[in-house]
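Take any residue in the sequence shown, note its place counting from 1, add 123, and you have its number in my numbering.
Every residue, glycine too, gets a C-beta built ideally from N, C-alpha and C.
Model, not experiment: these values are computed from the prediction.
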Amino acid sequence: MRTLAQSFRQINGLQLLSVWAPTDEVRVNDLFLLSGTAKEAIPSAEMGFVPSGVWKKWPSLAAYLDSIAVTEAQIEALTAQMRDSGLSALRREKEGIRLVGVGVGDNESGVLLLNAGADRPKLSQPLADLKQLAILDKVADDLYYYETN
Numbered sequence: 124m125r126t127l128a129q130s131f132r133q134i135n136g137l138q139l140l141s142v143w144a145p146t147d148e149v150r151v152n153d154l155f156l157l158s159g160t161a162k163e164a165i166p167s168a169e170m171g172f173v174p175s176g177v178w179k180k181w182p183s184l185a186a187y188l189d190s191i192a193v194t195e196a197q198i199e200a201l202t203a204q205m206r207d208s209g210l211s212a213l214r215r216e217k218e219g220i221r222l223v224g225v226g227v228g229d230n231e232s233g234v235l236l237l238n239a240g241a242d243r244p245k246l247s248q249p250l251a252d253l254k255q256l257a258i259l260d261k262v263a264d265d266l267y268y269y270e271t272n
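Shown next as structure tokens:
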């Protein structure tokens, strides 16, 4: 988990990476690759919700990745490690990296690996995607099991 989080952390253009059951379907930030079609969800103008119903079509995943200075090889390596670990998503937080075991939505559970020097998040403090921590159990000095509600 630490190695995977470090690999993700080192790729500056990535904020979120999710995998789905078909091995070629992924989400990279707000770009969804589904059935070979690459579409970026544009946040809603009023509240910034994603997806909002407004989409930008990309010619390929590679074209989008090139725009954020990330390679397909980097994504393939990370998604292979995620599948091997049973993870569904990686998300960059200001405190560290969230390694999601189940879902990217309400009632999510996983592991939060804190950045060096970061403070333990508070249960009342919303995460970057506004999820609320319901459980936060310390596993190691920089590692916490969490659940959201």
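Roughly how many angstroms separate the alpha carbons of residue i and residue j, rounded to a whole number?
i, j, result
"R206", "W178", "27 angstroms"
"L156", "L210", "18 angstroms"
"L235", "Y269", "7 angstroms"
"D229", "T194", "30 angstroms"
"K162", "K180", "4 angstroms"
"L237", "V225", "19 angstroms"
Could you please give me the residues that DSSP links to residue i through a beta bridge?
i, result
"F155", "R150, K162"
Name the residue from the options whose alpha carbon lies nearest to the alpha carbon of residue i.
i, options, result
"A241", "L256, E218, Q248, V234", "E218"
"I220", "N230, A239, Q255", "A239"
"L253", "A161, P145, V173", "V173"
Would you check if the distance between the CB atom of residue i and the CB atom of residue j is smaller than 9 angstroms?
i, j, result
"V223", "R215", "no"
"V149", "S141", "yes"
"G136", "A192", "yes"
"L154", "L184", "yes"
Practice task
Ignoring anything shorter than 3 residues or poking outside the segment 197–262, list the beta strand (DSSP E) runs there in chain order.
Solution key: 212–215, 219–225, 232–237
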